[in-house]
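**Q** Got a structure for you, questions after.
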Amino acid sequence: MKKSINNKLKKSTKLISGLGILVIMLLNFNSFAQQTVGTHQQIEHFFKTKTYIVLENNPLLEYNGIIKETVKNHWDLTDYEFVTFGKNEFERVRMDTAFSFVIFHKLYFNKDKTRAQYNFLSLELGGDYKFIKQMPDLCSIPVSYVDVEEDVYNYKMGLIIRFLQSHIKLTREHPELKSSNIIKYYNKNTSNIHNKTLYVTKNDLSKDVNTLAKIKKIYPYKVKIATRDEIKQVVDSHDKNAVILHKVGPEHSKRKARCYNSILGADDAKLYYFSYHMISDKKPEGLLAKDFKKMAKAK
30 MKKSINNKLK KSTKLISGLG ILVIMLLNFN SFAQQTVGTH QQIEHFFKTK TYIVLENNPL
90 LEYNGIIKET VKNHWDLTDY EFVTFGKNEF ERVRMDTAFS FVIFHKLYFN KDKTRAQYNF
150 LSLELGGDYK FIKQMPDLCS IPVSYVDVEE DVYNYKMGLI IRFLQSHIKL TREHPELKSS
210 NIIKYYNKNT SNIHNKTLYV TKNDLSKDVN TLAKIKKIYP YKVKIATRDE IKQVVDSHDK
270 NAVILHKVGP EHSKRKARCY NSILGADDAK LYYFSYHMIS DKKPEGLLAK DFKKMAKAK
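Numbering (my numbering), first residue to last: 30 to 328.
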């Protein structure tokens, strides 16, 4: 995470899945890891907007029901409304500065030979912008690969929604934070993991650290290998003594693309740790021994 997202993502294509709009965007490679930071004016303006929580047009997706429940339980920054837009309607509404948008995007990297696609949840401002890609992005977080089952991430949506808000509040309180230095700021939190229990699922761990006995040899702090339901309960209860691993990977499919590991506070939704690696035989999907060693050494 020391490198900014802006150095990790080269050219990418963003698709707004619920609207069927294709948008070509230029992102730095590192922006997948580093959160974007709005200007002071943009952040202050956001608090004066009404936030549209954009639903997917496909009624069969679980996402719509999950995001409705999640926002009702976890969103408190602005007034909000759940909406479903057609392409033309969105083009009209997005021009209005009175609105902000929480929206699901699909993204892939043009130079990525794997052609892996990722789901992002983004918080963006409306305004008189010619192209969707010009809408100010106040915060974005990778949620999953596009082709994985929804239950891979649904149980963590409360944490993801709260991270969007935590990031906005942090950047409002600390206007000195920019895209160029916020990762360094977040990295100062890593050692605080030592005082908390790290919750992971078995599926989140690579083979070399997939038992507590293996983990204990290199990471002497508390780890709980939990079920998804247990993690959702920890998130919903705002457990101050817990941090949650949010892994974004292909879920053990044959695709060997990127694996991203973020650790977020169950209570404060603060980012405590981030890493990513290209999946290979030597570096399989999931949190690696290298990650545990790095966290153990953090000061």
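Glycine included, C-beta positions come from ideal geometry on N, C-alpha and C.
Please report how far the alpha carbon of D309 lies from the alpha carbon of K225, in whole angstroms.
**A** First, the residue type needs correcting, since residue 309 is Ser and not Asp in the sequence shown. Cα-Cα distance, rounded: 31 angstroms.
**Q** Would you mind sorting E91 into buried or exposed? The rule is 16 or more other CB atoms within 10 Å of its CB.
**A** Classification for E91: exposed.
**Q** Please state if the CB of S195 and the CB of A271 are separated by a distance shorter than 8 angstroms.
**A** Against a cut-off of 8 angstroms, the Cβ pair of S195 and A271 comes out as no contact.
**Q** Just reading off the beta strand (DSSP E) that V264 is part of, what are its end residues?
**A** Counting along the chain, V264 falls outside any beta strand (DSSP E), though it belongs to the alpha helix (DSSP H) covering 257-265.
**Q** DSSP three-state label for T65, please.
**A** Coil at T65, not helix or strand.
**Q** For the putative contact between G187 and H103, defined by C-beta atoms under 8 angstroms, what is the C-beta separation to the nearest angstrom?
**A** About 5 angstroms; that satisfies the 8 angstroms criterion.
**Q** Which value, in whole angstroms, describes the spacing of the CA atoms of T256 and T230?
**A** Cα-Cα distance, rounded: 6 angstroms.
**Q** Taking M186 as part of the beta strand (DSSP E), name the residues at either end of that continuous run.
**A** M186 -> not in any beta strand (DSSP E); alpha helix (DSSP H) instead, spanning 186-202.
**Q** Starting from the Cα of I260, find the closest Cα among C288, K283, L293 and give me that residue.
**A** Checking every option, the nearest Cα to that of I260 belongs to L293.
**Q** With a threshold of 16 other CB atoms inside 10 Å of the CB of G115, please say whether the residue is buried or exposed.
**A** Looking at its Cβ environment, which holds fewer than 16 other Cβ atoms inside 10 Å, G115 is exposed.
**Q** Kindly indicate the opening and closing residues of the alpha helix (DSSP H) around I211.
**A** Counting along the chain, the alpha helix (DSSP H) containing I211 begins and ends at 211-216.
**Q** Beta carbon of F76, beta carbon of T126: below 8 angstroms?
**A** No; because the gap between Cβ atoms is not below 8 angstroms, this pair is not in contact.
**Q** Using the beta-carbon count (16 or more within 10 Å), is N22 buried or exposed?
**A** Residue 22 is absent from the structure shown; the chain starts at 30 and stops at 328.
**Q** Based on the DSSP output, what are the partners of E110 in its beta bridges?
**A** Note: E110 sits in a beta bridge opposite Y81.
**Q** Between the beta-carbon of G155 and the beta-carbon of S235, is there less than 8 angstroms?
**A** For G155 and S235, no; Cβs fall outside 8 angstroms.
**Q** Taking the beta carbon of R191 as the centre, do at least 16 other beta carbons fall within 10 Å, making it buried, or is it exposed?
**A** Under this definition R191 is a buried residue.
**Q** With DSSP run on the structure shown, which of helix, strand or coil describes A295?
**A** DSSP places A295 in coil when its eight states are reduced to three.
**Q** Taking its Cβ as the centre, do 16 or more other Cβ atoms sit within 10 Å of A411, making it buried, or is it exposed?
**A** Here the chain covers residues 30 to 328 and nothing more, so residue 411 does not appear.
**Q** Hey, could you find the ends of the beta strand (DSSP E) L154 is sitting in?
**A** 146-154 is the span of the beta strand (DSSP E), which, as asked, contains L154.
**Q** Tell me whether H69 is buried or exposed, calling it buried when 16 or more other Cβ atoms sit within 10 Å of its Cβ.
**A** So H69 counts as exposed.
**Q** For the beta strand (DSSP E) that contains M307, what are its first and last residues?
**A** From DSSP, the beta strand (DSSP E) with M307 extends over 300-307.
**Q** Residue range of the beta strand (DSSP E) that A271 falls in?
**A** Here the beta strand (DSSP E) through A271 covers 271-277.
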